[in-house]
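Visitor: Provided herewith is a single structure, encoded as structure tokens, for subsequent inquiry.
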Amino acid sequence: MELFLILSRENETLPLAELEAVLNAEKIDYHLEIVEQGIIKLKTLEDISLLLGKRMGYAHEISQFITESNPHKIPQIFSKIKWKDILGPDFAIRVKQIGCTKDIDCQEMEKELGNIVKKMVGDKSKVKLEKPSTFIRVLITNSLALIGVRKVKIDKKHFFDLKPHKRPFFYPGSMSPKLARCMVNLSQIIPGDLLLDPFCGTGGILIEAGIIGACVVGTDIDEKMVQGTKENLKYYHIKDFKVLKSDARYLKLDEKVKAVVTDPPYGISASTAGEDSGKIYKEFLESVSDNLKEDGRICIATPHYVDLNDLLNDTPFKLVDRHEIRMHKSLTRVISVLVKE
Ligand SMILES: C[S@@+](CC[C@H](N)C(=O)[O-])C[C@H]1O[C@@H](n2cnc3c(N)ncnc32)[C@H](O)[C@@H]1O
1 MELFLILSRE NETLPLAELE AVLNAEKIDY HLEIVEQGII KLKTLEDISL LLGKRMGYAH
61 EISQFITESN PHKIPQIFSK IKWKDILGPD FAIRVKQIGC TKDIDCQEME KELGNIVKKM
121 VGDKSKVKLE KPSTFIRVLI TNSLALIGVR KVKIDKKHFF DLKPHKRPFF YPGSMSPKLA
181 RCMVNLSQII PGDLLLDPFC GTGGILIEAG IIGACVVGTD IDEKMVQGTK ENLKYYHIKD
241 FKVLKSDARY LKLDEKVKAV VTDPPYGISA STAGEDSGKI YKEFLESVSD NLKEDGRICI
301 ATPHYVDLND LLNDTPFKLV DRHEIRMHKS LTRVISVLVK E
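Residue 1 is where the sequence shown starts when you use the UniProt record's numbering, and the numbers rise one by one after that.
If you want it as structure tokens, here you go:
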């Protein structure tokens, strides 16, 4: 099956890395082509649109590819498509332009294409702009137009409703649910795997991991956070969880985990209980190794001023992926993926 995806363009590298991590985690055979930043064509053996829609944080929509054309020849190509075989009882056509050259009037084109399709299908399918059974997506990029049927629109409401201040237990310093979801995906877990956040705070990472079906363990040095995370996990109906009061530098879990995904304190707004954050990271990395399976991964957020490579000396971990998110003038967040050497 051939799909095309519109990924988020809020970060240059994370959305594509997230997509590749999900495909690898789910052991999907795929061929991927970058049309331009944020626009991806993907060939797979099976239909994985629902799976991607359920997992991805930094994606907007997923369509089944029908054909492609020169952006200025869309009507000609449209009239060659066998719409009778494709459409359900009703349809809508939406044209979206992405990239720098925005020289096409999308609304005019929707009308023109609608008329072409109506003539071709007659009474077999009616135009219905709200919730049509077939949503035809025309995506115009700088170099080409992709034509397809939208299969999944990623629910923005989900990430909005899960924003930290909407949870029953709130504490400043929690990351956005989208980034938490992306980090969980970068750890390449699949449903049923065990994931640990040793600096769990209000539980943002554990909520996202729980939603995609992971079993989650959280620890925090602060009892208030432990109780708050439990409350938040229950509120979002996450069932398979354990939250314990523990110091991440001296962890001893009963069972080894498949992934560690975490956002340790930066020594700015989050509490480090008076300790230097670099020292905490080093000690945490030394202790977490015994709790992580040999093929497990760590996905960790650090501030730009912590040199993770330096901290990895004398630990069993190596850095395999690294992304930057500029938060504001004086803080860039670095998202790193580590594996055991
Ligand atoms: C940046 S916050 C985590 C935010 C979290 N991702 C969330 O969504 O709320 C860091 C957390 O680490 C905890 N912490 C600080 N030092 C710790 C240690 N040595 N062991 C375990 N937790 C610690 C703090 O209590 C704080 O809740």
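Built from N, CA and C at the ideal position, the CB exists for glycine as well.
1) Can you check the region 89 to 172 for any alpha helix (DSSP H) of at least 4 residues that lies completely inside it and give the ranges in chain order?
2) If you follow the beta strand (DSSP E) that Tyr30 is part of, which residue opens it and which one closes it?
3) Who are the Cβ neighbours of Ser330 in its own chain at under 8 Å, not counting the five residues just before and after it?
4) List in chain order: all unbroken beta strand (DSSP E) runs of 3+ residues lying wholly within the region 273 to 339.
5) How is Thr200 classed by DSSP in three states: helix, strand or coil?
6) Determine the direct distance from the alpha carbon of Lys340 to that of Asn142, and round the result to whole angstroms.
7) Whose C-alpha, out of Met225, Asp197 and Asp290, is nearest the C-alpha of Asp254?
8) Cβ of Met120 within 8 Å of any heavy atom in ligand 1?
9) Comparing alpha-carbon positions, which option in Ile147, Lys279 and Lys178 lies nearest Asp155?
10) In the DSSP assignment, the beta strand (DSSP E) including Gly192 goes from what residue to what residue?
11) What residues in its chain sit with their C-beta under 6 Å from that of Lys153, if we drop five residues either side in the sequence?
12) Could you tell me which of Met183, Thr134, Arg249 and Val22 sits nearest to Gly278, measuring between CA atoms?
13) Leaving aside the five residues before and after Ile300 along the sequence, list all residues of the same chain whose C-beta is less than 6 Å from its C-beta, in chain order.
14) Let me confirm a value: Asp197 is counted as buried when at least 16 other C-beta atoms fall within 10 Å, else exposed. Which label applies?
15) Just to check, is the beta-carbon of Ala145 closer than 8 Å to a non-hydrogen atom of ligand 1?
16) Drop a sphere of 10 angstroms on the beta-carbon of Ser174, count the other beta-carbons inside from all chains shown, and report buried for 16 or more, exposed for fewer.
17) Kindly indicate the opening and closing residues of the beta strand (DSSP E) around Lys43.
18) Can you tell me whether Ser49 is helix, strand or coil according to DSSP?
19) Between Val184, Ile98 and Val35, which lies nearest to Arg297 when the distance is taken from Cα to Cα?
20) Classify Gly203: buried if its beta carbon has 16 or more other beta carbons within 10 angstroms, exposed otherwise.
21) Smallest Cα separation from Glu68: which of Met56, Lys84, Lys41 and Pro89?
22) What does the alpha-carbon distance come out to for the pair Lys282 and Asn313?
23) Considering only DSSP beta bridges, list what Gly210 is partnered with.
24) Hey, is the region 6 to 18 in contact with the region 109 to 123, meaning 3+ C-beta pairs nearer than 8 Å?
25) Can you name the start and end residues of the beta strand (DSSP E) that Thr13 belongs to?
26) I'd like to confirm something about Thr332: is its beta-carbon nearer than 8 Å to some heavy atom of ligand 1, or not?
27) Do you know how far the Cα of Arg167 is from the Cα of Lys242?
28) Does the distance between the C-beta of residue 347 and the nearest non-hydrogen atom of ligand 1 fall short of 8 Å?
29) Need the endpoints of the beta strand (DSSP E) that Leu5 sits in, please.
30) Based on the DSSP secondary-structure assignment, which residues constitute the bridge partners of Thr262?
31) Would you mind sorting Phe160 into buried or exposed? The rule is 16 or more other CB atoms within 10 Å of its CB.
32) Rounding to the nearest angstrom, what Cα-Cα distance links Thr44 and Gly53 in this structure?
33) Going by DSSP, which residues form a beta bridge with Gly57?
34) According to DSSP, simplified to helix, strand and coil, what is Leu244?
35) Starting from the Cα of Ile221, find the closest Cα among Lys84, Thr229 and Asp247 and give me that residue.
36) Measuring alpha carbon to alpha carbon, tell me which residue in Val260, Glu110 and Leu251 is nearest Ile140.
Guide: In short:
1) If we require 4 residues or more, the alpha helix (DSSP H) runs fully inside the region 89 to 172 come out as 106 to 121 and 156 to 161.
2) Tyr30 to Glu36
3) none
4) 292 to 303 and 317 to 328
5) A quick correction: the sequence has Cys, not Thr, at residue 200. It is coil, neither helix nor strand.
6) Answer to the nearest angstrom: the Cα atoms are 41 Å apart.
7) Asp290
8) no
9) Lys178
10) First-last for Gly192: undefined, no H or E at that position.
11) Here Lys153 has Glu61 as same chain residues with Cβ atoms under 6 Å from its own Cβ, once five neighbours each way along the sequence are excluded.
12) Arg249
13) Thr262 and Ser336
14) Buried is the call here.
15) Every heavy atom of ligand 1 is 8 Å or more from the Cβ of Ala145, so no.
16) Around the Cβ of Ser174, a 10 Å sphere holds 16 or more other Cβ atoms; the residue is buried.
17) Ile39 to Thr44
18) helix
19) Val184
20) It is buried - the Cβ of Gly203 has at least 16 other Cβ atoms within 10 Å.
21) Lys41
22) So the two alpha carbons sit approximately 9 Å from each other.
23) DSSP output for Gly210 lists no bridge partner at all.
24) no
25) No beta strand (DSSP E) holds Thr13; DSSP gives it neither H nor E.
26) no
27) The alpha-carbon atoms of Lys242 and Arg167 are separated by roughly 18 Å.
28) The structure shown has nothing for residue 347, since the chain only spans 1 to 341.
29) Glu2 to Leu7
30) Beta-bridge pairing links Thr262 to Ile300.
31) Flag for Phe160 reads exposed.
32) 15 Å
33) Answer is none; Gly57 lacks a bridge partner.
34) strand
35) Asp247
36) Glu110
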